[in-house]
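Single-structure report; data block below.
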Amino acid sequence: MTARRDPAGALGPAFCRRPAEDVARGLLGAWLVSTIGGETAIGRIVECEAYLGPHDPASHAAERIGRTARNAAMFGPAGRAYVYRIYGLHWCLNVVTGTVDVPAAVLIRAIAPVEGMAVMRTRRSARPELPDSALGRGPGHAACALGITGALDGHALQRPPLLLARGQPVPDTDVDRGPRVGVTRAKDWPLRFWVRAHPAVSRR
DNA sequence: GAAACGATTATCT
DNA sequence: GATAATCGTTTCA
């Protein structure tokens, strides 16, 4: 149990400094360990999407947009969090990749609860009949279940209250990829990765 | 300063 | 399947 939270198992800047596409694939199976609010909640990443550099028109840091107050974290060092609010009501968590001044990130689209289901249910205001697998299904849900808000924008993911751990790697035979969800530009780029047939993956 | 839209989700039919 | 909720960010005047 203690080993799960061992910082030695953390995925650091070296892991995240690679191209977003590679990091996204590598993040499948990794753990997000949240101790936000003093409550421990752990989620295993089962779905995520890569947003490449300025040449990716779907990115919040696409060349036509440039650096803004919102996307500033994407221009920072790899291994930090980029958290933004979507549709005025939900928070979404990204892991920053690439190098300083080159904006790229991986959107965490779904997590499977590993520990802390009780606090996840409270945060989600989940009905009792909702299965555990639905607690972190979808980017807004995943962030909500882990207690993530805009306060963590720019947070280094190698230390509490939110860190990335190596978790349980997923073999290539269990990984599917396809177009990203909800984007209108570059809609056919196959940059969404997920664990095949996993119940916590969104839009199955 | 005003308007449109969005890397979504809940709820209703 | 369709639509409302809800507001920060971007874009355009």
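Everything in the first sequence is counted per our numbering, starting at 378 for the first residue and increasing by one.
All C-beta atoms, glycine included, are put in the ideal place defined by N, C-alpha and C.
*With C-beta atoms as the reference, is Ala577 less than 8 Å away from Ser510?*
yes
*Look at Ala514 and Pro434 and say whether their C-beta atoms are less than 8 Å apart.*
Note on identity: in this sequence residue 514 is Arg, with Ala being the wrong assignment. Cβ distance not < 8 Å, so Arg514 and Pro434 don't count as in contact.
*What does a CB cutoff of less than 7 Å around Gly531 pick up in its chain, not counting 5 residues either side in sequence?*
Ala450, Gly453, Arg457 and Ala458
*Have a look at Gly443, His432 and Leu409 and flag the residue whose alpha-carbon is nearest the alpha-carbon of Glu492.*
Leu409
*Whose CA, out of Cys425, Glu440 and Glu426, lies closest to the CA of His432?*
Glu440
_Looking at the strands, I want to know which residues DSSP matches up with Asp553._
Trp571
_Simplified DSSP state of His518, which is helix, strand or coil_ = helix
*Going by DSSP, which residues form a beta bridge with Cys425?*
Ile485 and Phe570
*Quick one, which of Arg580, Gly386 and Val400 has its alpha-carbon nearest Leu484's?*
Val400
*Compare the beta carbon distance of Leu388 and Arg543 with 8 Å and say whether it is the shorter of the two.*
yes
*asked:* At the level of alpha carbons, what is the spacing between Asp565 and Arg557?
replied: 7 Å
*Per DSSP, which one or two residues make a beta bridge with Arg536?*
Leu539
*asked:* Per DSSP, what are the beta-bridge partners of Val460 in this structure?
replied: Leu470
*Proximity winner among Pro396, Cys469 and Ala427, relative to Ala522 (alpha-carbon distances)*: Cys469
*What are the start and end residues of the alpha helix (DSSP H) that includes Val400?*
Ala397 to Leu404
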